[in-house]
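Numbering (our numbering), first residue to last: 27 to 329.
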């Protein structure tokens with residue numbers, strides 16, 4: 027025996043201490059201010075002064091918080107016009123290898139083609155939910171990432187030209203995400219992506235969107251498991267139809283991306299979508315908070 031009776035071994039006991047994870051609080055009221063700020067510019071239709079003013083606001087606001095903010099400027103042909111478009115690409119914790127992508131579109135639909143009043147269908151929509159809501163959540167997340175730097179890398183992309191399409195012309199949608207996907211750097215490979223679209227509805231119910239189930243079921247399961255832990259019933263287990271949206275070009279180039287979208291706005295009638303009724307009073311700070319809180323848990327738990 028190397029250690030006789032009464033002798034003590036010099037082996038030291040080790041204790042594993044798990045690092046306590048602190049999740050910053052998401053401020054739904056502040057996010058709602060970001061929603062209103064966008065709507066106050068007016069409809070953000072490409073080739074208008076309102077669109078340009080909002081772009082500059084978003085760029086300068088994000089510049090306060092991020093490691094890097096870039097404008098990805100491009101043009102596209104649409105119905106006899108040449109559109110001047112800008113994706114806004116935002117980077118946090120630039121040196122991190124482990125990264126996730128969060129995205130939303132910031133433009134608004136040029137025509138209220140679903141409005142019940144036919145005389146109003148050529149007017150542009152306000153885009154409080156369909157345009158401003160996802161961006162508002164990402165702006166608030168950007169503010170939080172500045173004061174609470176995450177261990178993982180986070181990239182935010184605000185897509186332009188998502189909604190510049192006439193009814194029954196599906197090819198006109200997703201202009202910004204198509205351009206981003208086509209021009210993605212070869213070495214940019216985030217673990218996964220999450221798209222936010224129409225998540226401000228005061229009667230929020232986010233189902234499991236069809237393309238998300240098909241392309242990224244593991245990401246969907248991860249997000250829904252967090253929502254379930256937080257008792258957020260707004261994340262429904264109901265499966266929805268496949269929705270043609272900005273996550274599709276990303277999935278097609280290998281970035282597994284889910285779409286958080288409540289297309290029933292405000293309910294199954296969908297009577298506010300692409301109408302002049304898509305205004306801030308139909309949205310809720312609490313809805314923004316629910317979505318933002320789930321995303322913060324995802325970021326700071328370091329998945």
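C-beta atoms are modelled at their ideal positions from N, C-alpha and C, and glycine is treated no differently. All values derive from a computational prediction rather than experimental measurement.
query                                                                                                                                                                       : result
Relative to the C-alpha of residue 105, which candidate in 98, 198, 236 and 96 has its C-alpha closest?                                                                     : 198
Going by other Cβ atoms of all chains shown within 10 Å of its Cβ, with 16 needed for buried, is residue 173 buried or exposed?                                             : exposed
To the nearest angstrom, report how far apart residue 33 and residue 47 are at their CA atoms.                                                                              : Legend: pLDDT at residue 33 = 42, less than 50; position of this residue unreliable, no value from coordinates given.
Does the Cβ of residue 123 have 16 or more other Cβ atoms within 10 Å, making it buried, or fewer, making it exposed?                                                       : exposed
At which residues does the beta strand (DSSP E) containing residue 63 begin and terminate?                                                                                  : Residue 63 -> not in any beta strand (DSSP E); alpha helix (DSSP H) instead, spanning 54-65.
Is residue 103 helix, strand or coil when you go by DSSP?                                                                                                                   : strand
In the structure shown, what three-state DSSP assignment does residue 118 receive?                                                                                          : strand
Using a Cβ-Cβ cutoff of less than 7 Å, which residues in the same chain neighbour residue 31 once the five nearest sequence positions on both sides are dropped?            : Summary for residue 31: the model assigns pLDDT 38, below 50, so the residue's position carries little reliability; its value from the coordinates is reported in the next sentence. Closer than 7 Å at Cβ, skipping near neighbours: no residue.
Tell me residue 108's beta-bridge partners as DSSP assigns them.                                                                                                            : 103
Between the alpha carbons of residue 313 and residue 289, how many angstroms are there, rounded?                                                                            : 14 Å
Apart from the five residues on each side of it in sequence, which residues of its chain come closer than 8 Å, Cβ to Cβ, to residue 292?                                    : 227, 228, 229, 298 and 308
With DSSP collapsed to three states, give me the class of residue 83.                                                                                                       : helix
Under 7 Å Cβ to Cβ from residue 210, same chain only, skipping five residues before and after it: list those, please.                                                       : 279
Please check the pair residue 185 and residue 113, which I expect to be a contact at CB under 8 Å, by giving their CB distance rounded to whole angstroms.                  : 6 Å
With a cut-off of 8 Å on the beta carbons, I'd call residue 231 and residue 285 a contact; round off their distance for me.                                                 : Going by Cβ atoms, the distance from residue 231 to residue 285 rounds to 14 Å, so no, they are not a contact pair.
For residue 117, collect the residues of the same chain with a Cβ closer than 7 Å to its Cβ; drop the 5 residues on either side in sequence, then sort them by chain order. : 92, 93, 94 and 181
Quick check on DSSP: helix, strand or coil for residue 333?                                                                                                                 : Outside the shown range of the chain (27 to 329) lies residue 333, about which nothing can therefore be said.
On the three-pair Cβ rule with 8 Å, is the region 206-224 touching the region 155-171?                                                                                      : yes
Can you have a look at residue 155 and say buried or exposed, based on whether 16 or more other CB atoms are within 10 angstroms of its CB?                                 : buried
Give the straight-line distance between the Cα atoms of residue 306 and residue 294, rounded to the nearest whole angstrom.                                                 : 19 Å
How big is the Cα-Cα spacing for residue 59 and residue 264?                                                                                                                : 31 Å
What do you reckon, are the CB atoms on residue 126 and residue 98 nearer than 8 Å?                                                                                         : no
In or out: residue 143 buried (at least 16 other Cβ within 10 Å) or exposed?                                                                                                : exposed
Could you check how far apart the C-beta atoms of residue 139 and residue 300 are, in whole angstroms? I think they sit under 8 Å.                                          : 6 Å
Report yes if the C-beta distance between residue 242 and residue 282 is below 8 Å; otherwise report no.                                                                    : yes
Note the first and the last residue of the continuous alpha helix (DSSP H) segment covering residue 148.                                                                    : Counting along the chain, residue 148 falls outside any alpha helix (DSSP H), and DSSP gives it neither H nor E.
So, under 8 Å CB-CB, residue 275 and residue 200 are touching, yes? Tell me the CB distance rounded to an integer number of Å.                                              : 6 Å
Quick one: using the 10 Å Cβ neighbour count with 16 as the cut-off for buried, is residue 247 buried or exposed?                                                           : exposed
Are the CB atoms of residue 415 and residue 272 nearer to each other than 8 Å?                                                                                              : What the structure shows of the chain is the stretch from 27 to 329, and residue 415 is not part of that stretch, so it cannot be assessed.
Considering only residues of the same chain and omitting the five flanking positions on each side of residue 270, which have a CB-CB separation below 7 Å?                  : 196 and 199
Given a cut-off of 8 Å on the beta-carbon distance, is the pair residue 188 and residue 237 in contact?                                                                     : no
Could you check what DSSP says for residue 319 in three-state terms: helix, strand or coil?                                                                                 : helix
Determine whether the beta carbon atoms of residue 318 and residue 166 lie at a separation below 8 Å.                                                                       : yes
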